[in-house]
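In this note's numbering, the protein residues as written are 6 to 89.
Scroll down for the structure; my scribbles are underneath it.
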């Protein structure tokens, strides 16, 4: 138990020193740079992607149904015109 406490304290001190050193500043700058790059790429979250995929799937289903109905109506129209 004592070893774990000593290791935790040592780890915390190292993190504190690294955060206040130029290394910590470099990490913050790199993080900000990456955030800016990702923002410019206009990335979406996985959740947004999944929602839009479902919307697209639904739209495709509706389009397929409309195409089938249109084909039936065109066939009916052709048959009706032949009878006249």
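We put the beta carbon where it would ideally sit given N, CA and C, even for glycine.
Taking only three categories from DSSP, how would you classify residue i?
| i | result |
| --- | --- |
| residue 48 | coil |
| residue 58 | helix |
| residue 26 | coil |
Excluding the five sequence neighbours on either side, which residues of its own chain have a C-beta within less than 7 Å of the C-beta of residue i, listed in chain order?
| i | result |
| --- | --- |
| residue 32 | none |
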